[in-house]
Ligand SMILES: Nc1ncnc2c1ncn2[C@@H]1O[C@H](COP(=O)(O)OP(=O)(O)OP(=O)(O)O)[C@@H](O)[C@H]1O
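Numbering (the working numbering), first residue to last: 48 to 274.
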């Protein structure tokens with residue numbers, strides 16, 4: 048039987064006291080690649096933030112990997128985030144240090160101690176995104192597409208069960224977007240589950256997959272023809 052990675056039951060998603068999405072019922076199985084689409088302001092980011100513990104789930108039930116979102120405590124959030132890889136539109140690399148130092152920072156913050164193991168893990172993830180020779184560079188010395196590949200490699204550092212990508216191609220040109228998308232599809236083909244919020248309908252058509260839509264305060268699955 049398929050293993051459920053993410054499940055929400057009768058959940059409501061809030062921004063402060065404002066209800067953004069209600070009656071959220073969905074399940075994502077291990078190995079799926081799922082798009083999350085919807086107009087600006089429809090609640091995609093709020094939904095993602097609820098999944099990684101940035102917005103508390105106060106109404107309904109939710110599980111992400113092994114964590115119950117409803118009973119999640121502040122102290123559990125770092126442990127939840129270790130099981131997730133999060134990729135943002137604006138990369139969020141620390142600008143004052145090299146790619147290698149960015150990764151070292153993440154690994155040390157998540158409990159890694161042995162420096163040779165740290166270096167080995169950094170080599171492995173940079174190799175996966177074809178950036179092994181660029182670890183010494185500062186983020187501003189890389190192109191947007193390279194920065195996003197690095198940010199995806201960073202998301203892989205702790206071998207996550209689920210990758211949450213919030214508009215990962217939002218700042219990239221169409222050709223670079225396709226390259227980043229191919230990389231995410233490869234990572235998915237290797238067994239990682241991916242949930243990707245996007246506005247980019249061209250990518251959806253080029254790489255069809257299960258699609259959820261936020262609209263009118265609800266989330267529902269759409270068949271690609273009606274996207
Ligand atoms: N920090 C905040 N405080 C209060 N309301 C917020 C906050 N962030 C977003 N909202 C509101 O919550 C609703 C959903 O916003 P959200 O950012 O989740 O949408 P989105 O679909 O991700 O949009 P976009 O595609 O523009 O990123 C909007 O009405 C927005 O104004």
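Every residue gets a Cβ at the ideal spot worked out from N, C-alpha and C, and that includes glycine. These figures come from a predicted structure and were not determined experimentally.
Here the alpha carbon of residue 162 sits roughly 45 Å from the alpha carbon of residue 64.
Where residue 97 is concerned, the enclosing alpha helix (DSSP H) starts and stops at 91 to 98. Between the stretch 258 to 270 and the stretch 76 to 90, the count of C-beta pairs closer than 8 Å reaches three or more; the two stretches touch. Between ligand 1 and residue 63, a heavy atom-to-CB distance of less than 7 Å is present. Between residue 213 and residue 92, the gap from beta carbon to beta carbon is short of 8 Å. Relative to ligand 1, the beta carbon of residue 93 is positioned inside 7 Å of a heavy atom.
Residue 73 is a Cβ neighbour of residue 55, given a cutoff of 8 Å.
According to the DSSP assignment, residue 56 belongs to no alpha helix (DSSP H) but to the beta strand (DSSP E) extending over 51 to 62.
Taking 7 Å as the cut-off, one finds at least one heavy atom of ligand 1 near enough to the beta carbon of residue 89.
About 6 Å separates the CB atoms of residue 131 and residue 211; that is less than 8 Å, so the two are in contact.
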